[in-house]
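**Q** One gets the working numbering by counting positions in the sequence shown from 1 and adding 4 to each. Ideal Cβ positions, reconstructed from N, Cα and C, are used throughout, including at glycine.
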Amino acid sequence: MRITNAKKKLPVGIENFAEIRTEDFYYVDKTAMIRDLLNAWGKVNLFTRPRRFGKSLNMSMLKCFFEIGCDKTLFDGLEISKETELCERYMGKFPVVSVSLKGVDGLSYDEARSSLCSIIGNEALRFQFLLDSDKLNEQEKGMYNKLINVDAGKSDFFDMSDDVLTGSLRLLSELLHKHYGENVVLLIDEYDVPLAKANERGYYPQMVNLIRKLFNQALKTNDSLFFAVMTGCLRVAKESIFTGLNNPKILSITSAQFDEQFGFNDIEVREMLEYYGLTDKYESVKEWYDGYLFGNVNVYCPWDVINYCDELLVDPKAEPKNYWSNTSGNDVVRHFIERADSGMLKDEIESLIAGETVVKEIREDLTYNSLYDSIDNVWSVLFTTGYLTSCGRPEGKSFKLKIPNKEIRDIFADQVIELFKENVEKDGETLKAFCYAIITGNAEAVEKLFTSYLRRTISLRDTYTKDIKENYYHGILMGIFVYKSGWYVKSNRETGDGHGDIIIKTEDEDVGAIIEVKYAKPENGGKPNEVMYKKCEEAIRQIDEKHYTDALIDDGCQTIYKYGITCRRKMCRVLCETEEAE
5 MRITNAKKKL PVGIENFAEI RTEDFYYVDK TAMIRDLLNA WGKVNLFTRP RRFGKSLNMS
65 MLKCFFEIGC DKTLFDGLEI SKETELCERY MGKFPVVSVS LKGVDGLSYD EARSSLCSII
125 GNEALRFQFL LDSDKLNEQE KGMYNKLINV DAGKSDFFDM SDDVLTGSLR LLSELLHKHY
185 GENVVLLIDE YDVPLAKANE RGYYPQMVNL IRKLFNQALK TNDSLFFAVM TGCLRVAKES
245 IFTGLNNPKI LSITSAQFDE QFGFNDIEVR EMLEYYGLTD KYESVKEWYD GYLFGNVNVY
305 CPWDVINYCD ELLVDPKAEP KNYWSNTSGN DVVRHFIERA DSGMLKDEIE SLIAGETVVK
365 EIREDLTYNS LYDSIDNVWS VLFTTGYLTS CGRPEGKSFK LKIPNKEIRD IFADQVIELF
425 KENVEKDGET LKAFCYAIIT GNAEAVEKLF TSYLRRTISL RDTYTKDIKE NYYHGILMGI
485 FVYKSGWYVK SNRETGDGHG DIIIKTEDED VGAIIEVKYA KPENGGKPNE VMYKKCEEAI
545 RQIDEKHYTD ALIDDGCQTI YKYGITCRRK MCRVLCETEE AE
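(1) Assuming residue 439 is part of the alpha helix (DSSP H), what are its boundary residues?
(2) Please classify residue 369: does DSSP put it in a helix, a strand, or coil?
(3) Residues in the same chain with beta-carbon distance under 7 angstroms from residue 157, minus the five sequence neighbours each way, listed in chain order, please.
(4) Answer yes or no: do residue 86 and residue 193 have a C-beta to C-beta separation smaller than 8 angstroms?
(5) Exposed or buried, which one is residue 321 when buried takes at least 16 other CB atoms within 10 Å?
(6) Kindly give me the distance between the Cβ atoms of residue 22 and residue 75, rounded to whole angstroms, as I take these residues to be in contact under 8 angstroms.
(7) When you compare the CB positions of residue 39 and residue 90, do they come within less than 8 angstroms of one another, or not?
(8) List the DSSP bridge partners of residue 2.
(9) Considering Cα atoms alone, identify which of 536, 549, 532 is closest to residue 504.
(10) Should residue 384 go down as buried or exposed, given a rule of 16 or more other Cβ atoms within 10 Å for buried?
(11) Go to residue 102, then tell me how far its beta strand (DSSP E) extends in each direction, as first and last residue.
(12) Please classify residue 372 as buried or exposed, where buried requires at least 16 neighbouring CB atoms within 10 angstroms.
(13) Could you have a look at residue 479 and say whether DSSP puts it in helix, strand or coil?
(14) Touching or not, the segment 88-102 and the segment 177-197, by the rule of three or more beta carbon pairs under 8 angstroms?
(15) Between residue 170 and residue 214, which are expected to be in contact by the criterion C-beta below 8 angstroms, what is the C-beta distance as a whole number of angstroms?
(16) Can you look up residue 202 in the DSSP assignment and give me helix, strand or coil?
(17) Are there 16 or more other CB atoms within 10 angstroms of the CB of residue 440, so buried, or fewer, so exposed?
(18) Tell me, please, which residues DSSP counts as bridged to residue 322.
(19) Going along the chain, which residues of its own chain have a beta-carbon closer than 6 angstroms to the beta-carbon of residue 486, five neighbours each way excluded?
(20) How is residue 140 classed by DSSP in three states: helix, strand or coil?
(21) Please go through the same chain and pick out, in chain order, the residues whose beta-carbon is closer than 7 angstroms to the beta-carbon of residue 54, but skip the five residues on each side of it.
(22) According to DSSP, which residues form a beta bridge with residue 49?
(23) Thinking just about the alpha-carbon of each residue, which of 364, 418, 434 is nearest to the one in residue 401?
(24) Using three-state DSSP, classify residue 495 as helix, strand or coil.
(25) Closer than 8 angstroms is the cut-off here; do at least three beta carbon pairs connect the segment 337-351 with the segment 310-327?
(26) From what residue to what residue does the beta strand (DSSP E) around residue 517 run?
(27) Which value, in whole angstroms, describes the spacing of the CA atoms of residue 69 and residue 457?
(28) Who are the near neighbours of residue 303 in its chain, counting only those whose CB is closer than 7 angstroms to its CB and skipping five residues on each side?
(29) Would you kindly work out how many angstroms separate the C-alpha atoms of residue 149 and residue 141, rounded to a whole number?
(30) Which residue marks the beginning of the alpha helix (DSSP H) containing residue 133, and which one marks its end?
(31) Do the segment 417-435 and the segment 475-491 meet, that is, are 3 or more Cβ pairs less than 8 angstroms apart?
(32) Within 10 angstroms of the Cβ of residue 132, are there 16 or more other Cβ atoms? Answer buried if so, exposed if not.
(33) Just how far apart, CA to CA, sit residue 393 and residue 128?
(34) Does DSSP classify residue 281 as helix, strand or coil?
(35) Here's the rule I'm using: 16 or more other beta-carbon atoms within 10 Å means buried, otherwise exposed. How should residue 498 be labelled?
(36) May I ask which residues mark the beginning and end of the alpha helix (DSSP H) holding residue 591?
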């Protein structure tokens with residue numbers, strides 16, 4: 005049951021500024037962005053940030069501020085309200101055209117083009133008063149009608165010719181300018197999503213051509229434009245879609261300008277936690293969700309902080325978890341790890357997962373159809389999309405890179421295990437030999453084969469905590485057993501007086517196995533083999549003392565193999581004892 009003591013609601017998944025302000029949601033004030041945009045003038049401004057860092061909410065805020073007829077009370081008490089002269093001059097004074105291209109998708113180019121028509125057509129429908137405007141002539145009203153020419157049989161289908169579609173944003177700007185006598189503020193959110201989807205679906209050249217023409221008319225040959233703001237994940241190369249556009253102002257994650265306007269800084273997170281009585285969770289929140297460097301400011305991922313706080317209000321014992329990766333795929337990490345067949349790259353990935361840094365030259369302007377053309381490009385994509393962050397100012401184009409926090413580190417580790425599982429499935433003979441060794445108590449063969457598996461994958465270094473390292477090797481073992489048909493395999497099942505790491509019951513139900521996984525780091529000059537064998541002995545004692553075999557005995561197993569498996573990077577040691585049911 006949620007207990008909030010009349011506290012403000014947390015805006016989980018809400019990107020509408022007016023809704024947040026009118027429905028009593030908690031809001032982290034980013035309205036200083038308005039002042040900075042106007043003072044540091046740019047005709048066309050492009051903000052690139054990773055997903056879930058508040059881009060869409062900031063665009064909604066800009067619309068609410070500039071649009072004619074806006075509710076000025078939405079900004080009461082916020083930072084921008086202190087700028088009285090600026091508010092008097094700009095607040096509520098401009099027609100605003102605002103579109104989000106995040107929904108432009110389709111299995112084919114025609115489907116994607118149709119969704120773009122619908123997005124722009126629905127925005128055009130907001131301005132139906134233009135049909136009654138005494139400032140527009142009949143020809144201009146006829147041109148507007150082409151934007152809202154809704155098919156009678158499909159209310160959400162807007163039928164536009166290519167000429168109408170590519171000129172749509174410019175046309176809307178011209179008509180609104182003529183009606184109001186004021187130039188237009190143009191907001192284009194998630195501008196690069198159509199290109200990303202087109203690249204995935206196989207119609208990239210057609211979509212690039214369409215978006216180039218649309219932007220060229222809206223942003224270059226548009227005398228009715230006051231200024232434009234665009235957001236996206238990647239800074240798409242100028243030669244791809246911005247050909248001929250005069251100097252768009254690029255405000256990327258490396259820019260000092262606006263570095264605090266996306267994401268939460270440390271003060272903002274502390275204030276939120278204090279407001280909700282969650283200050284004891286600060287260290288966990290910082291470990292999991294902090295670590296990004298935008299410009300000169302360290303920031304947290306706001307999506308994660310809000311979601312975790314919301315969960316804590318329901319369950320004060322809730323543990324941090326990965327919220328960010330669930331909002332999209334992690335294909336770029338997978339592509340990266342798939343290339344780790346060379347020793348150097350594998351070492352670099354292991355260094356990153358261990359919390360260390362690597363130095364790489366970064367290209368911030370790429371085209372979507374070249375993202376994976378080279379490993380250098382993949383490094384750049386990991387950086388610009390938030391899987392890696394910098395550790396200070398670059399030297400030329402070279403950045404010192406690291407994984408920002410535990411959440412992203414877990415994404416890397418999970419992708420390593422997923423790829424490992426697929427490789428296990430392909431190597432049926434090794435899988436068969438390993439499983440046979442397990443159910444015959446052949447510790448020597450188990451050790452040899454598991455070591456062979458470990459040498460093929462990415463290991464965790466000693467900078468990881470003991471529990472995390474044990475969970476990682478636990479995951480590798482489960483990645484092997486998941487493909488053994490006919491076996492009952494359970495992870496961390498409650499048995500006896502505790503939890504057995506891995507419990508196995510074979511198809512004939514007479515033979516079972518309990519595996520306890522340990523991680524050993526030699527200390528005080530101890531010899532690795534000696535330390536690892538002691539950990540194996542400790543694991544088997546734990547199985548006995550906690551009575552982990554009880555459940556298998558109750559299930560009718562006659563022979564149970566008790567394994568202590570201790571790992572350290574790419575090495576493992578295995579001890580096995582046999583228990584016969586009475």
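**A** Per the coordinate set shown:
(1) Counted from its first residue, the sequence shown places residue 439 at position 435. Per DSSP, residue 439 belongs to the alpha helix (DSSP H) from 432-443.
(2) Here residue 369 is taken as the residue at index 365 of the sequence shown, counted from 1. If DSSP states are grouped into helix, strand and coil, residue 369 belongs with the strands.
(3) As a position in the sequence shown, residue 157 is number 153, starting the count at 1. Confidence at residue 157 is low in this model, with a pLDDT of 47, below 50, so its placement is unreliable and the value that follows should be read with caution. Within the same chain, residue 157 has no close Cβ partners at all.
(4) Taking the first residue of the sequence shown as 1, we reach residue 86 at position 82. Taking the first residue of the sequence shown as 1, we reach residue 193 at position 189. The beta carbons of residue 86 and residue 193 sit no closer together than 8 angstroms.
(5) Taking the first residue of the sequence shown as position 1, residue 321 is located at position 317. Counting C-beta atoms within 10 angstroms of its own C-beta, residue 321 has fewer than 16 neighbours from the protein chains shown and is therefore classed as exposed.
(6) Start at 1 with the first residue of the sequence shown, and residue 22 comes out as number 18. Start at 1 with the first residue of the sequence shown, and residue 75 comes out as number 71. About 7 angstroms separates the two Cβ atoms, so the contact holds.
(7) Position 35 of the sequence shown, counting from 1, holds the residue named residue 39. Position 86 of the sequence shown, counting from 1, holds the residue named residue 90. In contact: residue 39 and residue 90 (Cβ atoms closer than 8 angstroms).
(8) Since the first residue of the chain shown is 5 and the last is 586, residue 2 is not available in this structure.
(9) Reading the sequence shown from its first residue, position 500 is the one you call residue 504. It is 549 whose Cα lies nearest to the Cα of residue 504.
(10) Locating residue 384 in the sequence shown gives position 380, where the first residue counts as 1. It is buried - the Cβ of residue 384 has at least 16 other Cβ atoms within 10 Å.
(11) Here residue 102 corresponds to residue number 98 of the sequence shown, with the count starting at 1. Residues 100-104.
(12) As a first step, residue 372 is located in the sequence shown; it is residue number 368 there, counting from the start. Buried.
(13) Residue mapping note: residue 479 aligns to position 475 of the sequence shown, counting from 1. If DSSP states are grouped into helix, strand and coil, residue 479 belongs with the helices.
(14) yes
(15) Position 166 of the sequence shown holds residue 170. Position 210 of the sequence shown holds residue 214. Confirmed, Cβ separation roughly 7 angstroms.
(16) One-based indexing of the sequence shown puts residue 202 at position 198. Three-state result, residue 202: helix.
(17) Within the sequence shown, residue 440 is the residue found at index 436, counting from 1. Exposed, since its Cβ has fewer than 16 Cβ neighbours within 10 Å.
(18) As a first step, residue 322 is located in the sequence shown; it is residue number 318 there, counting from the start. Bridge partners of residue 322 according to DSSP: none are assigned.
(19) Against the sequence shown, residue 486 aligns to sequence position 482. Closer than 6 angstroms at Cβ, skipping near neighbours: no residue.
(20) Here residue 140 is taken as the residue at index 136 of the sequence shown, counted from 1. DSSP places residue 140 in coil when its eight states are reduced to three.
(21) For the purposes of this step, residue 54 is identified with residue 50 of the sequence shown, where counting begins at 1. Cβ within range, chain order: 237, 389, 390.
(22) Within the sequence shown, numbered from 1, the residue matching residue 49 stands at position 45. Residue pairing by DSSP puts residue 49 in a beta bridge opposite 233, 253.
(23) For the purposes of this step, residue 401 is taken as residue 397 along the sequence shown, with counting starting at 1. It is 364 whose Cα lies nearest to the Cα of residue 401.
(24) The count along the sequence shown starts at 1 and reaches residue 495 at position 491. Residue state, collapsed to three classes: strand.
(25) Judged by Cβ distances under 8 angstroms, the segment 337-351 makes no contact with the segment 310-327, as fewer than three pairs qualify.
(26) In the sequence shown, residue 517 corresponds to position 513, counting from 1. Its beta strand (DSSP E) spans residues 515-523.
(27) Counted from its first residue, the sequence shown places residue 69 at position 65. Counted from its first residue, the sequence shown places residue 457 at position 453. C-alpha separation (whole angstroms): 58 angstroms.
(28) If you number the sequence shown from 1, residue 303 lands on position 299. Here the set comprises 267, 268, 269, 296.
(29) Mapped onto the sequence shown, residue 149 falls at position 145. Mapped onto the sequence shown, residue 141 falls at position 137. Cα-Cα distance, rounded: 12 angstroms.
(30) For the purposes of this step, residue 133 is identified with residue 129 of the sequence shown, where counting begins at 1. Counting along the chain, residue 133 falls outside any alpha helix (DSSP H), and DSSP gives it neither H nor E.
(31) Short answer: they touch.
(32) Within the sequence shown, residue 132 is the residue found at index 128, counting from 1. Under this definition residue 132 is an exposed residue.
(33) Along the sequence shown, one-based indexing puts residue 393 at 389. Along the sequence shown, one-based indexing puts residue 128 at 124. Computed Cα separation, rounded: 39 angstroms.
(34) For the purposes of this step, residue 281 is taken as the residue at position 277 of the sequence shown. In the structure shown, the three-state DSSP call for residue 281 is coil.
(35) Stepping through the sequence shown from its first residue, residue 498 is reached at position 494. Model confidence at residue 498 stands at a pLDDT of 45, short of 50, so the residue's coordinates are unreliable; what they give is reported in the following sentence. A residue is called buried once 16 or more other Cβ atoms fall within 10 Å of its Cβ, and residue 498, having fewer, is exposed.
(36) Because the chain here runs from 5 to 586, residue 591 falls outside it and cannot be looked at.
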